[in-house]
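Per my numbering, the sequence shown starts with residue 1433, numbered consecutively. Positions of the beta carbon are idealized from the N, C-alpha and C atoms, including for glycine. Here the structure is laid out as structure tokens; the discussion comes afterwards.
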Amino acid sequence: MKIERSYRSWSTRDGLAPFRAQVQETDLYILARTQLQQEAEEAVIRFRHQLEAYIKGNPLFVESLVPLPMDPLAPEIAREMLVAAQKAGVGPMAGVAGAMAEFVGKALLTKTSEVVVENGGDIFLQSSTERRIGIFADCSPLSMRVGIRVLPEKTPLGVCTSSGTVGPSLSLGKADAVCVISPSATLADAAATAVGNLVQGKGDIERALERGRAIPGVEGIVIIVGDAMGAWGEYELVTI
1433 MKIERSYRSW STRDGLAPFR AQVQETDLYI LARTQLQQEA EEAVIRFRHQ LEAYIKGNPL
1493 FVESLVPLPM DPLAPEIARE MLVAAQKAGV GPMAGVAGAM AEFVGKALLT KTSEVVVENG
1553 GDIFLQSSTE RRIGIFADCS PLSMRVGIRV LPEKTPLGVC TSSGTVGPSL SLGKADAVCV
1613 ISPSATLADA AATAVGNLVQ GKGDIERALE RGRAIPGVEG IVIIVGDAMG AWGEYELVTI
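Written as structure tokens, this is what we have:
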């Protein structure tokens, strides 16, 4: 199934080279100091292979909607997903998009001093300049009008968004967007799913924020439901 990601055309490059890394279902949009498409695709293949091999022997990893016990024999990317799932109270696959963005991004940091990796709304970034990250929220009037200001000293950082109305990822909620910020993009992704599952309507925003702020490692949350928004954390919201 092809997923149209038109929001990528709204990104500003600020002198960084844009390219995509596409391997099977994985489709990353990347900005870096130099063109690193081949290196990025090699990294995607490597981490996908690690996950696929692990899942083959541990099918519950992909099926479970609740945290699983830690497995010291799992590859690093799977272990990171297991840890994030335990903190957020969700299944390990809730963090897979953020994990892929993070692990590929960190692999590329051996070749570039700056990188932004976007994977279906989940972002890992290392930047030497201030960045403003817009929040895509489907048909909400706030979609791509509200953003998060990220200072370079706060990176590397994960900014991940879950939605009950956009995209193929499983969400039990109905929020237009739940954006979570964490030093770990894997955790940010898992936490966004956990928080998003609680939002059935505008009246759930405050309760969901309380749930999110209790997850260790979460530094910021933005929830958008229609024309309503709630936010918590250390980061400044800006107009896009």
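Does the beta-carbon distance from residue i to residue j come in below 7 Å?
i, j, result
"E1651", "G1665", "yes"
"A1626", "A1520", "yes"
"S1595", "G1658", "no"
"P1450", "L1460", "no"
"A1517", "G1523", "yes"
"M1502", "A1531", "no"
"A1472", "V1547", "no"
"E1562", "L1583", "yes"
Indicate the three-state DSSP secondary structure (helix, strand or coil) for residue i in the structure shown.
i, result
"A1607", "coil"
"D1659", "coil"
"D1636", "helix"
"E1467", "Note on residue identity: the sequence assigns Gln, not Glu, to residue 1467. Here Q1467 sits in coil by DSSP."
"E1508", "helix"
"G1566", "strand"
"L1574", "coil"
"V1476", "helix"
"I1674", "The requested residue 1674 does not occur in the structure, where the chain is confined to residues 1433 to 1672."
"V1650", "coil"
Going by beta carbon distance, what residues of the same chain come within less than 8 Å of residue i, once the five residues before and after it are set aside?
i, result
"S1575", "I1567, F1568, A1569, D1608, A1609 and I1656"
"W1442", "Because W1442 sits at a pLDDT of 45, beneath the cut-off of 50, its placement in the model cannot be relied upon, and the following sentence gives the value as read from the coordinates. Same-chain partners within the cutoff: G1566 and M1576."
"Q1632", "G1605 and K1606"
Excluding five sequence neighbours on each side, which residues of the same chain lie with their C-beta closer than 6 Å to the C-beta of residue i?
i, result
"A1529", "N1551, G1552, D1554 and D1621"
"A1707", "Within the shown structure, residues of the chain are numbered from 1433 to 1672, placing residue 1707 beyond reach of any answer."
"P1600", "For P1600, the predicted model reports a pLDDT of 49, less than 50, meaning its position is unreliable; a value from the coordinates is still stated below. Cβ within range, chain order: n/a, list empty."
"K1634", "V1657 and A1660"
"V1670", "R1564, G1579 and R1581"
"V1494", "I1487 and M1525"
"E1668", "R1581"
What are the boundary residues of the alpha helix (DSSP H) that residue i is part of?
i, result
"T1618", "A1617 to G1628"
"Q1454", "Where Q1454 is concerned, there is no enclosing alpha helix (DSSP H), although the beta strand (DSSP E) it sits in stretches over A1449 to V1455."
"L1492", "L1492 to E1495"
"E1534", "V1528 to L1540"
Which residue comes first and which comes last in the beta strand (DSSP E) that contains residue i?
i, result
"G1579", "V1578 to V1582"
"L1669", "E1668 to T1671"
"E1585", "Careful: E1585 lies outside any beta strand (DSSP E) and carries neither H nor E."
"V1498", "Element bounds for V1498: n/a, residue is neither H nor E."
"F1556", "D1554 to Q1558"
"V1547", "V1547 to N1551"
Under 7 Å between C-beta atoms, does residue i make it to chain D?
i, result
"A1663", "Although the question refers to chain D, the structure presented lacks it and comprises just one protein chain."
Starting from the C-beta of residue i, find all residues in its chain whose C-beta is less than 7 Å away, skip the five residues before and the five after it, and write them out in chain order.
i, result
"T1544", "A1464, R1465, T1466 and L1468"
Would the region 1486 to 1495 and the region 1571 to 1588 be scored as touching if the rule is three or more Cβ pairs under 8 Å? no
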